[in-house]
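Chemist: One structure follows; several queries about it will come next.
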Amino acid sequence: MNKTKKKQGQMSFLDHLEELRWHLIRSTLAVVIGGIIAFMSKGFIFDTIIFGPKKKDFFTYRVLCDFSKKLGFDKSFCFDEIPFIIQSRTMAGQFSAHIWTAITAGFIIAFPYILYQFWVFIKPAMYENERKNAKGFIITASLLFFLGVLFGYYIISPFSINFLANYNISKEVLNEFDLSNYIGLIRSSVLACGLIFELPIIIYFLAKVGIVTPEILKKYRKFALVGVLILSAVITPPDITSQIIVSIPVLILYEVSIVIAKMVQKRPATNSTNYPLA
């Protein structure tokens, strides 16, 4: 593509689409490379990570058990086994699980690079002072995403698995979960929490373009609370404990987002010149 044309900010709509296409291609390649690495690390990905929350010595269970003992509670958080088995009931079940788990892991691994490609695409449309203010965008957004992933994996997943594995309507029914359902629960918990933790970043950009203001966020705080509870009910099992656990960090992030919107609003107006991407 003509560099002079780009510098002069004379890119047409089709030029922008072409530029976006290449950023998407690079992001997809990064996911594929990350997926290949995950695919080749089958033992670690499945035995250590995926099936970790199924084991009694999982980090979260050990911490809860030690914590309950120190507080003098009974051993309700300590158990010898989680009463369920995992089965694959289709011919291609294990292979499909391997492929989709590798793709999910590839997306998580490549997330910072995907953000970088997004940043490179929108950067020319920003003023110089806006670029400086958003310099830590990739690092901050990546940290929030990985924090959400860890929260989903170490908090939501084990609580969900433990609740559903121990829930029964009769002793006549055995818990034999399908492989795809088990992995799907962990995948949805991890990715949902990772994306939810990006809320402050989303609010920052929405505040920059004037779509949201601190006043709007405060005004609709009650509706946001209802939305958070609904969202928590969707990504967690139907027990109140898990929903509260998810709701607390999301509500904290919402309050942080209000502070961020205030900071954006207090900054002086930017240059009145047109954006480079005309």
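Going from the sequence shown to our numbering is simple: count from 1 and add 6. Think of the CB as a built atom: it goes at the ideal place given N, C-alpha and C, for glycine as much as any other residue. Everything numeric in this text was worked out from a predicted model, so none of it was measured.
May I have the straight-line CA-CA distance separating histidine 104 from isoleucine 31, to the nearest angstrom?
Modeler: On the sequence shown, position 98 is the one that residue 104 refers to. On the sequence shown, position 25 is the one that residue 31 refers to. Taking the straight line from one Cα to the other gives about 23 Å.
Chemist: Give the DSSP-derived three-state secondary structure of aspartate 72 in the structure shown.
Modeler: Sequence index remark: in the sequence shown, residue 72 carries index 66 (1-based). Helix.
Chemist: Count the other CB atoms, across all protein chains shown, that sit within 10 Å of the CB of asparagine 280; report buried if there are 16 or more and exposed otherwise.
Modeler: In the sequence shown, residue 280 corresponds to position 274, counting from 1. Note that asparagine 280 scores a pLDDT of 41, beneath 50, so its modelled location is shaky and nothing firm can be said.
Chemist: Compare the Cα-Cα distances from glycine 233 to each of Val256, Ile222 and Phe211 and report the closest residue.
Modeler: Within the sequence shown, the letter at position 227 stands for residue 233. Taking only the C-alpha atoms, the option nearest glycine 233 is Val256.
Chemist: Can we say the region 56-65 touches the region 85-92, given the rule of at least three CB pairs closer than 8 Å?
Modeler: As far as the Cβ criterion goes, the region 56-65 touches the region 85-92, which means the pair count is three or higher.
Chemist: Going along the chain, which residues of its own chain have a beta-carbon closer than 6 Å to the beta-carbon of leucine 20, five neighbours each way excluded?
Modeler: One-based indexing of the sequence shown puts residue 20 at position 14. Nothing listed; no residue qualifies.
Chemist: Residues in its own chain within less than 6 Å of isoleucine 109 by CB, not counting five upstream and five downstream?
Modeler: Here the question's residue 109 lines up with position 103 in the sequence shown. These residues qualify, in order along the chain: Gly41.
Chemist: Please classify valine 69: is it buried, with 16 or more other beta-carbons within 10 angstroms of its beta-carbon, or exposed?
Modeler: Against the sequence shown, residue 69 aligns to sequence position 63. By the neighbour-count rule (16 or more Cβ atoms within 10 Å), valine 69 is not buried but exposed.
Chemist: Please state the DSSP three-state secondary structure of phenylalanine 143.
Modeler: The residue labelled residue 143 in the question sits at position 137 within the sequence shown. Here phenylalanine 143 sits in helix by DSSP.
Chemist: Which value, in whole angstroms, describes the spacing of the CA atoms of lysine 214 and valine 270?
Modeler: Indexing the sequence shown from 1 puts residue 214 at position 208. Indexing the sequence shown from 1 puts residue 270 at position 264. Using only the alpha carbons, I get a separation of about 7 Å.
Chemist: How should arginine 193 be labelled, buried or exposed, when 16 other C-beta atoms within 10 angstroms of its C-beta is the threshold for buried?
Modeler: As a first step, residue 193 must be located in the sequence shown, where it is residue number 187. So arginine 193 counts as buried.
Chemist: So what does DSSP say about glutamate 182, is it helix, strand or coil?
Modeler: Numbered from 1 along the sequence shown, position 176 holds the residue referred to as residue 182. If DSSP states are grouped into helix, strand and coil, glutamate 182 belongs with the strands.
Chemist: What's the call for methionine 7, buried or exposed, on a 16-neighbour Cβ count within 10 Å?
Modeler: One-based indexing of the sequence shown puts residue 7 at position 1. Note that methionine 7 scores 44 on pLDDT, short of 50, meaning its location in the model is unreliable; the coordinates nonetheless yield the value given after this. Classification for methionine 7: exposed.
Chemist: Classify isoleucine 1 as helix, strand or coil using the three-state DSSP reduction.
Modeler: Residue 1 is absent from the model: the chain starts at 7 and stops at 284.
Chemist: Please tell me whether phenylalanine 127 and glutamate 24 are closer than 8 Å, where the distance is taken between their beta carbons.
Modeler: Here residue 127 refers to the residue found at position 121 when the sequence shown is read from its first residue. Here residue 24 refers to the residue found at position 18 when the sequence shown is read from its first residue. If you check the CB distance, phenylalanine 127 and glutamate 24 do not come in under 8 Å.
Chemist: In whole angstroms, give me the CA-to-CA distance for phenylalanine 203 and leucine 259.
Modeler: The sequence position of residue 203 within the sequence shown is 197, counting from 1. The sequence position of residue 259 within the sequence shown is 253, counting from 1. Going by the C-alpha atoms only, they are around 7 Å apart.
Chemist: Check this for me: beta carbons of isoleucine 120 and alanine 36, under 8 Å apart or not?
Modeler: Mapped onto the sequence shown, residue 120 falls at position 114. Mapped onto the sequence shown, residue 36 falls at position 30. Yes, Cβ-Cβ distance for isoleucine 120 and alanine 36 is below 8 Å.
Chemist: Looking only at its own chain, which residues have a Cβ that is under 7 Å from the Cβ of leucine 223, when we skip the five neighbours before and after it?
Modeler: Mapped onto the sequence shown, residue 223 falls at position 217. Once the five neighbours on either side are set aside, the close Cβ partners of leucine 223 are Ser263, Ile264 and Ala267.
Chemist: With a cut-off of 8 Å, do at least 3 Cβ pairs link the region 195-212 to the region 150-157?
Modeler: The answer is yes - the region 150-157 touches the region 195-212, with three or more Cβ pairs under 8 Å.
Chemist: Using the three-state DSSP reduction, which class does isoleucine 167 fall into: helix, strand or coil?
Modeler: As a working mapping, residue 167 is identified with position 161 in the sequence shown. In the three-state reduction of the DSSP assignment, isoleucine 167 falls in the helix class, which pools H, G and I.
Chemist: Quick test of your reading: isoleucine 92 and leucine 185, contact by CB under 8 Å. State the CB separation rounded to the nearest angstrom.
Modeler: Taking the sequence shown and counting its residues from 1, the one referred to as residue 92 is at position 86. Taking the sequence shown and counting its residues from 1, the one referred to as residue 185 is at position 179. Indeed they touch by this definition, with Cβ atoms about 6 Å apart.
Chemist: With a 10 Å radius around its C-beta and 16 neighbouring C-beta atoms as the bar for buried, classify serine 176 as buried or exposed.
Modeler: As a working note, residue 176 is residue 170 in the sequence shown. Under this definition serine 176 is an exposed residue.
Chemist: Under 8 Å between the Cβ atoms of threonine 146 and isoleucine 207?
Modeler: As a first step, residue 146 must be located in the sequence shown, where it is residue number 140. As a first step, residue 207 must be located in the sequence shown, where it is residue number 201. It is a contact, given that the beta carbons lie within the stated cut-off.
Chemist: Out of curiosity, what's the CA-to-CA distance linking lysine 225 and threonine 219?
Modeler: Translated into the one-based positions of the sequence shown, residue 225 becomes position 219. Translated into the one-based positions of the sequence shown, residue 219 becomes position 213. Going from the Cα of lysine 225 to the Cα of threonine 219 covers about 10 Å.
Chemist: How many Å lie between phenylalanine 73 and tyrosine 160 at the Cα?
Modeler: Indexing the sequence shown from 1 puts residue 73 at position 67. Indexing the sequence shown from 1 puts residue 160 at position 154. Between phenylalanine 73 and tyrosine 160, the C-alpha separation is close to 16 Å.
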